[in-house]
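Asker:
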Amino acid sequence: MTDLVQGPSVPADLLIRDVHVLDPREGIDARHDVRVREGQVAEIGTAGSLQADTAEIVEGEGRHLVPGFVDPHVHLRVPGQEHKEDLDTGTRAAAAGGFVAVLGMPNTDPVVDSAPILRSLRDAAAREARIPVGFLASITRGLAGEELTEMGELRVEGAMGFTDDGKPVVSAGMLRKALQYQRLAGGVLALHEEDPSLSGKGVMHEGEISALLGVAGIPSVSESTMIARDAAIAGYEEGRIHIQHLSARESIDVVRAAKAAGVQITCEASPHHLLLTHDDVRSLETRFKMNPPLRTEEDRVALVEALRDGTIDCVATDHAPHARDEKEVPFEQAPMGTTGLETSFAALHTDLVGPGILPLETLLLRMTEGAALFDLPVPRIAKDQPANLALLDLDAVWIAGEHGWESRSDNCCFTGRRMRGRVVMTVAAGAVAFRERAFTVVGA
Amino acid sequence: VKHLISIEDLDREAIERIVAQAQRFAEVSDREIKKVPALRGRMVLNLFYEASTRTRSSFELAAKRLSADVVNFAASGSSVEKGESLKDTILTLGAHKPDAIVIRTPWAGAAELVSGWTSAAIVNAGDGKHEHPTQALLDVYTLIRRIGTLDDANIWIVGDVAHSRVARSNILAFQKMGAKVTVAGPPTLIPRGIEAMGCAVRYTLDDLSDADVVYALRMQKERMTEAWVPSMREYATFYQVNGRRLGSRQVLMHPGPVNRGVELSGEVVDSPQAVITAQVEAGVVVRMAVLYELLAGARAPEPAPTDLEPQPA
Chain C
10 MTDLVQGPSV
20 PADLLIRDVH
30 VLDPREGIDA
40 RHDVRVREGQ
50 VAEIGTAGSL
60 QADTAEIVEG
70 EGRHLVPGFV
80 DPHVHLRVPG
90 QEHKEDLDTG
100 TRAAAAGGFV
110 AVLGMPNTDP
120 VVDSAPILRS
130 LRDAAAREAR
140 IPVGFLASIT
150 RGLAGEELTE
160 MGELRVEGAM
170 GFTDDGKPVV
180 SAGMLRKALQ
190 YQRLAGGVLA
200 LHEEDPSLSG
210 KGVMHEGEIS
220 ALLGVAGIPS
230 VSESTMIARD
240 AAIAGYEEGR
250 IHIQHLSARE
260 SIDVVRAAKA
270 AGVQITCEAS
280 PHHLLLTHDD
290 VRSLETRFKM
300 NPPLRTEEDR
310 VALVEALRDG
320 TIDCVATDHA
330 PHARDEKEVP
340 FEQAPMGTTG
350 LETSFAALHT
360 DLVGPGILPL
370 ETLLLRMTEG
380 AALFDLPVPR
390 IAKDQPANLA
400 LLDLDAVWIA
410 GEHGWESRSD
420 NCCFTGRRMR
430 GRVVMTVAAG
440 AVAFRERAFT
450 VVGA
Chain V
496 VKHLISIEDL
506 DREAIERIVA
516 QAQRFAEVSD
526 REIKKVPALR
536 GRMVLNLFYE
546 ASTRTRSSFE
556 LAAKRLSADV
566 VNFAASGSSV
576 EKGESLKDTI
586 LTLGAHKPDA
596 IVIRTPWAGA
606 AELVSGWTSA
616 AIVNAGDGKH
626 EHPTQALLDV
636 YTLIRRIGTL
646 DDANIWIVGD
656 VAHSRVARSN
666 ILAFQKMGAK
676 VTVAGPPTLI
686 PRGIEAMGCA
696 VRYTLDDLSD
706 ADVVYALRMQ
716 KERMTEAWVP
726 SMREYATFYQ
736 VNGRRLGSRQ
746 VLMHPGPVNR
756 GVELSGEVVD
766 SPQAVITAQV
776 EAGVVVRMAV
786 LYELLAGARA
796 PEPAPTDLEP
806 QPA
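Line by line, the protein sequences give chains C and V. Sequential numbering from 10 applies to the first sequence in our numbering. Sequential numbering from 496 applies to the second sequence in our numbering.
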């Protein structure tokens with residue numbers, strides 16, 4: 010198995026005292042003391058039972074300790090687009106959102122399409138990343154859709170999987186070859202699904218709002234027809250595919266049918282598609298411009314239901330930072346994408362768990378399951394397991410963006426929204442990766 | 496009203512106020528000396544990111560008749576070609592303290608965006624395929640002069656609705672004034688979901704005789720190369736407004752410039768039903784009324800008598 014990489018870190022020596030531990034996979038839902046030592050969860054005991062002999066003691070104060078989140082779809086913008094984000098700022102943003110591992114996409118400049126580029130990227134991450142990161146390599150050279158990358162060699166060099174994210178693999182024959190070659194190289198193919206002949210020059214969902222605004226639309230069938238095509242090819246080649254950022258209800262139907270037919274297909278949805286709709290685009294504010302676009306309320310409700318029932322396997326932010334000057338332009342000119350790492354849990358907790366639409370346990374499962382889809386260990390709170398933890402204050406109320414961002418970019422679609430629930434501390438691979446600034450620490 | 500960005504921002508009362516003001520200015524235009532001092536000392540900046548002779552000169556003439564100073568800034572041959580962003584252009588031009596910026600761009604929402612970067616009143620002279628509100632106001636003005644009221648009038652907007660900012664502003668404005676709007680054109684050029692704006696949709700002109708007013712849109716040649724329609728000949732066969740389709744009691748409108756032989760046949764352009772030149776004429780007085788509403792309207796809802804006095808030579 011390919012390993013994640015991270016920069017130097019100091020293993021925490023930590024006692025989290027009287028905290029509500031919640032890990033649905035381990036079946037824990039009770040107040041405990043948790044000791045973190047030498048990178049692992051060294052001990053779990055009933056509240057008040059563990060001896061306070063660690064360097065640092067954190068009082069749980071009724072807060073929740075949950076398995077740290079994993080995001081299989083982020084854009085860290087290295088190499089070449091460091092004015093948007095870099096490995097330090099991107100992983101700081103991830104840690105602030107409770108993430109203990111993220112997977113970076115290869116649509117950088119240059120594209121991560123050869124072993125030397127991937128090697129230098131992993132070397133940089135081994136110096137700068139605040140939490141463990143992995144990288145996907147591209148399926149085709151330069152994302153051009155014409156020649157396969159050296160998938161075998163890339164895999165040896167540490168590619169966690171392959172994707173042309175940002176673009177679809179337009180040619181069915183090319184996708185088929187990649188799926189055949191997957192038998193040698195391994196690694197999931199993560200697919201951005203879109204038929205360019207249907208998307209055209211579209212910049213938002215095709216519907217009533219695009220008609221009113223007079224901007225070109227991207228129809229839902231642009232996504233769903235490509236998923237249907239690719240699921241059929243994957244089934245035929247017995248390959249493994251992961252569908253990125255589902256946005257349309259038609260797509261859910263296709264994935265559900267493919268899963269029922271035994272195709273090795275998984276999929277993800279992003280917080281913005283689960284919470285926002287094309288009505289938000291009426292203002293033509295560029296922070297609501299993303300690909301795939303925000304669609305209708307019916308699509309949004311269908312996505313939430315699919316997340317609940319497991320048709321959608323995991324949440325992925327598609328964290329896509331862009332510099333302010335790139336987004337401070339008319340809507341049609343702006344690049345696609347929103348940041349999401351620092352708001353993912355809080356936004357979903359506020360709007361789905363708060364009103365009782367989604368159980369908290371289900372949200373925790375979906376925010377960690379991305380690891381399994383890429384053959385990584387899923388964070389668990391258990392003795393002698395790596396310490397990958399998020400400490401949450403579920404009652405904290407805050408306004409997204411009011412104190413700025415850890416990310417280098419501020420193009421967050423949730424800016425200004427009232428959030429309930431906040432990450433106050435993140436322990437990634439045994440080290441404290443994030444600590445809320447006003448956090449009370451009691452020295453031992 | 497601080498800006499004129501979308502017809503959505505206006506209610507019927509505001510539209511009627513602008514139309515009434517335009518009628519007062521029309522009386523001025525019939526005088527020998529057409530210039531009034533209403534906006535003396537005010538500055539109007541025309542910022543055009545798209546080639547436009549008609550709209551720009553109409554705004555320029557309107558501002559000059561109100562004695563405002565006018566600066567024209569065309570995007571080509573300027574700092575824009577050197578890579579200056581829209582924001583920096585607005586901040587730079589804002590240093591000259593314009594009272595109003597008339598802006599046309601190929602991008603939806605640009606006028607709204609710009610309004611956040613300057614204290615000047617913004618007049619949207621076309622933002623991509625989104626809106627062209629002064630065109631809609633001058634069309635309402637022209638129709639009121641011709642048929643008295645738009646209440647219960649059947650208005651058909653015919654042609655390339657998908658790529659037309661005129662269509663969108665007019666659907667909104669005509670409905671606000673009480674008219675029933677139908678859009679008709681090739682299915683490839685009628686945007687999916689347009690019914691949500693409250694209009695009916697037709698794909699043929701079979702029932703065009705139901706219309707009191709026929710508003711033809713310009714059919715651009717590039718729509719053919721982009722394969723929206725198979726050929727101009729076929730378009731004309733099915734959608735051209737011609738003597739066979741236009742009845743004697745119907746009013747014909749067009750935002751110009753006309754492609755004779757494509758969306759309109761020559762005979763209807765020259766027919767008494769056509770009010771196309773009246774629309775152009777209305778353009779100046781309606782834009783005078785808009786500038787007056789935005790720059791002086793807040794202070795004096797009715798023009799002071801001296802505002803309408805001829806300028807001493």
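The beta-carbon is built from N, C-alpha and C at its ideal position, and this holds for glycine as well.
List, in order along the chain, the chain V residues whose C-beta lies closer than 7 Å to that of D334 (chain C)?
Answerer: Chain V residues near D334 (chain C): S580.
Asker: Kindly identify the DSSP beta-bridge partner or partners of Y710 (chain V).
Answerer: According to DSSP, Y710 (chain V) bridges with V:I652 and V:M748.
Asker: Should G216 (chain C) be flagged as near chain V, meaning a C-beta pair shorter than 9 Å?
Answerer: Yes - at least one Cβ of chain V is within 9 Å of the one on G216 (chain C).
Asker: Can you list, in chain order, the residues of its chain with a C-beta nearer than 6 Å to that of H627 (chain V)? Leave out the 5 residues immediately preceding and following it.
Answerer: Cβ neighbours of H627 (chain V) beyond the five flanking positions: G621, R660, V661 and S664.
Asker: With 9 Å set as the bound, which would you pick, yes or no: does the beta-carbon of V230 (chain C) sit closer than that to a beta-carbon of chain V?
Answerer: With 9 Å as the cut-off, V230 (chain C) does not count as an interface residue toward chain V.
Asker: Looking only at C-alpha atoms, which of C:D80, C:L200, C:T326 and C:G346 sits nearest to I274 (chain C)?
Answerer: Closest option to I274 (chain C), Cα to Cα, is C:L200.
Asker: Step through the CB atoms of chain V and report whether any lies within less than 9 Å of the CB of E341 (chain C).
Answerer: For E341 (chain C), the answer is yes, since a Cβ of chain V falls inside 9 Å of its Cβ.
Asker: In chain C, which residues lie less than 9 Å from R687 (chain V) when you measure between Cβ atoms?
Answerer: Simply E215, G216, E217, S219, A220, G226 and P228.
Asker: If you drop the 5 nearest sequence neighbours on each side, which residues of the same chain put their C-beta closer than 6 Å to that of P686 (chain V)?
Answerer: Same-chain partners within the cutoff: A657.
Asker: Quick one, which residues of the segment 623 to 634 of chain V are near chain C if we go by CB-CB under 8 Å, in chain order?
Answerer: Listed by position, the residues of the segment 623 to 634 of chain V near chain C (Cβ gap below 8 Å) are G623, K624, H625 and E626.
Asker: Any Cβ of chain V within less than 9 Å of the Cβ of V324 (chain C)?
Answerer: Chain V, which has no Cβ nearer than 9 Å to the Cβ of V324 (chain C), makes this no.
Asker: List the residues of chain V that L293 (chain C) touches, going by C-beta distances under 8 Å, in chain order.
Answerer: Those within 8 Å of L293 (chain C) in chain V are A603, G604, E607 and L608.
Asker: S571 (chain V) to H82 (chain C), Cα distance in whole Å?
Answerer: Going from the Cα of S571 (chain V) to the Cα of H82 (chain C) covers about 41 Å.
Asker: Kindly indicate if chain V contains any beta-carbon less than 9 Å away from that of G410 (chain C).
Answerer: Chain V, which has no Cβ nearer than 9 Å to the Cβ of G410 (chain C), makes this no.
Asker: Beta carbon of V775 (chain V), beta carbon of L747 (chain V): below 9 Å?
Answerer: No, they are not a contact pair.
Asker: Within 10 angstroms of the Cβ of Q516 (chain V), are there 16 or more other Cβ atoms? Answer buried if so, exposed if not.
Answerer: Q516 (chain V) is buried by the Cβ-count criterion.
Asker: Please classify V539 (chain V): is it buried, with 16 or more other beta-carbons within 10 angstroms of its beta-carbon, or exposed?
Answerer: Answer is buried; the Cβ neighbour count reaches 16.
Asker: Identify every residue that forms a DSSP beta bridge with R444 (chain C).
Answerer: Its beta-bridge partners are C:M434.
Asker: Measure from the C-beta of G271 (chain C) to each C-beta in chain V and report whether the shortest distance is under 9 Å.
Answerer: So no, G271 (chain C) is outside the interface.
Asker: Going by DSSP in three states, K675 (chain V) sits in which element: helix, strand or coil?
Answerer: DSSP places K675 (chain V) in strand when its eight states are reduced to three.
Asker: Under 9 Å, CB to CB, which of the residues in the segment 704 to 726 of chain V have a partner in chain C?
Answerer: Listed by position along the chain: nothing, the set is empty.
Asker: For S571 (chain V), decide whether its Cβ has a neighbour in chain C, counting only Cβ atoms nearer than 9 Å.
Answerer: Judged by the 9 Å Cβ criterion, S571 (chain V) is not in contact with chain C.
Asker: Is the beta carbon of R101 (chain C) less than 9 Å from the beta carbon of V14 (chain C)?
Answerer: For R101 (chain C) and V14 (chain C), no; Cβs fall outside 9 Å.
Asker: Considering just the uninterrupted stretch of the alpha helix (DSSP H) at F340 (chain C), what are its terminal residues?
Answerer: F340 (chain C) -> no alpha helix (DSSP H), and no H or E assigned at all.
Asker: With DSSP run on the structure shown, which of helix, strand or coil describes D22 (chain C)?
Answerer: Correct three-state label for D22 (chain C): coil.
Asker: For the candidate residues C:K336, C:V436 and C:L163, whose alpha-carbon lies nearest to that of A21 (chain C)?
Answerer: The residue with the shortest Cα to Cα distance from A21 (chain C) is C:V436.
Asker: Would you tell me roughly how many angstroms separate the C-alpha atoms of Q342 (chain C) and W602 (chain V), rounded to the nearest one?
Answerer: When rounded, the distance between both Cα atoms is 8 Å.
Asker: Would you call the segment 313 to 322 of chain C in contact with the segment 392 to 401 of chain C, where contact means no fewer than 3 C-beta pairs closer than 8 Å?
Answerer: No, the segment 313 to 322 of chain C is not in contact with the segment 392 to 401 of chain C.
Asker: Which residues in chain C have a C-beta closer than 7 Å to the C-beta of R660 (chain V)? List them in chain order.
Answerer: Here the neighbours are G223.
Asker: Using 8 Å for Cβ pairs, my map puts P76 (chain C) next to A110 (chain C). What's the rounded Cβ distance?
Answerer: About 11 Å separates the two Cβ atoms, so there is no contact after all.
Asker: Check each candidate in C:A146, C:L96, C:A391 and C:G107 and name the one with the smallest Cα separation from P119 (chain C).
Answerer: Ranking C:A146, C:L96, C:A391 and C:G107 by Cα distance to P119 (chain C) puts C:A146 first.
Asker: Flag this pair as yes or no: are the beta carbons of I510 (chain V) and M672 (chain V) separated by less than 9 Å?
Answerer: Yes, these two residues count as a Cβ contact at 9 Å.
Asker: Measure from the C-beta of T600 (chain V) to each C-beta in chain C and report whether the shortest distance is under 9 Å.
Answerer: So, interface residue.
Asker: Any Cβ of chain C within less than 9 Å of the Cβ of A795 (chain V)?
Answerer: Interpretation of A795 (chain V) is limited by its pLDDT of 45, a score under 50 that renders its predicted location unreliable; the figure taken from the coordinates is listed afterwards. With 9 Å as the cut-off, A795 (chain V) does not count as an interface residue toward chain C.
Asker: The alpha helix (DSSP H) spanning D239 (chain C) covers which residue range?
Answerer: V230 to E246 is the span of the alpha helix (DSSP H), which, as asked, contains D239 (chain C).
Asker: How is R46 (chain C) classed by DSSP in three states: helix, strand or coil?
Answerer: Note: R46 (chain C) maps to strand in three-state DSSP.
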